[in-house]
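*Asks:* Input: one structure, supplied below.
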Amino acid sequence: MRDSEHLPTGAIQNRSVVGDGLWFEYPVRAHPHHTDYGGVVWHGQYIAWMEEARVECLRSIGIDYEDLVALGCELLVVELSTRYHRAMRLGETAIVRTSMEPGAGVRLNWDYQIVPMEGGEPFLSARITLVTVDREKGKIMRRLPPVLHEVFAKLAQTSS
11 MRDSEHLPTG AIQNRSVVGD GLWFEYPVRA HPHHTDYGGV VWHGQYIAWM EEARVECLRS
71 IGIDYEDLVA LGCELLVVEL STRYHRAMRL GETAIVRTSM EPGAGVRLNW DYQIVPMEGG
131 EPFLSARITL VTVDREKGKI MRRLPPVLHE VFAKLAQTSS
């Protein structure tokens, strides 16, 4: 359940409660190379899993990251807020949940939860803000390319 006690920042905590059906879900398992010597998942691994989930979410609605590159744009992280609730350990499985909130202009806000497959307290909650960047100029685009604007608008409508 998407509730404010598990979301990382005040900006997210003001969102209304939304059922689980609106999250894109991506399963993961903690392998040895994801952990430290004590068998605890390394903090940066969660961020990698969040990116994988975001890329797969976009792919599920018809946008391969390669398509973005072909359009001459890239999605770059400009802000990252993470709250670690408890450690995930070697061999555990989890679901990375993500949903996109409607943003202003070219800012795309993605919310995340990494939760145990069997339910219970989340391992992590986060928000990542992305912007579209013109790959050729290396500058933030003032507007989303029309095809992206249309797709992101549809995705945001189903997530809010």
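In this text, residue positions in the sequence shown follow our numbering: the first is 11, and each later residue adds one. Think of the CB as a built atom: it goes at the ideal place given N, C-alpha and C, for glycine as much as any other residue. Keep in mind it's a predicted model, so treat the numbers as computed, not measured.
1. Roughly how far, in whole angstroms, is the beta-carbon of Arg99 from the beta-carbon of Gly49, given that I think they are within contact range, below 8 Å?
2. Rounded to the nearest angstrom, how far is the Cβ of Leu118 from that of Phe162, given a contact under 8 Å?
3. Compute the distance between the beta-carbons of Ala183 and Tyr122, then report whether it is under 8 Å.
4. Would you call Ala63 buried or exposed, if buried means 16 or more other Cβ atoms sit within 10 Å of its Cβ?
5. Using DSSP with H/G/I as helix, E/B as strand and the rest coil, what is Met60?
6. When every heavy atom of the ligand MG is checked, does at least one fall within less than 7 Å of the C-beta of Val116?
7. Should Val51 and His44 be called a contact, given that it needs their Cβ atoms to be closer than 8 Å?
8. Taking DSSP as the reference, what is the three-state secondary structure of Glu40?
*Replies:* According to the structure shown:
1. 5 Å
2. 7 Å
3. Within the shown structure, residues of the chain are numbered from 11 to 170, placing residue 183 beyond reach of any answer.
4. buried
5. helix
6. Looking for the ligand MG in the displayed structure turns up nothing, as the structure carries no ligands at all.
7. yes
8. Rather than Glu, the amino acid found at residue 40 in this sequence is Ala. Three-state DSSP puts Ala40 in coil, outside helix and strand.
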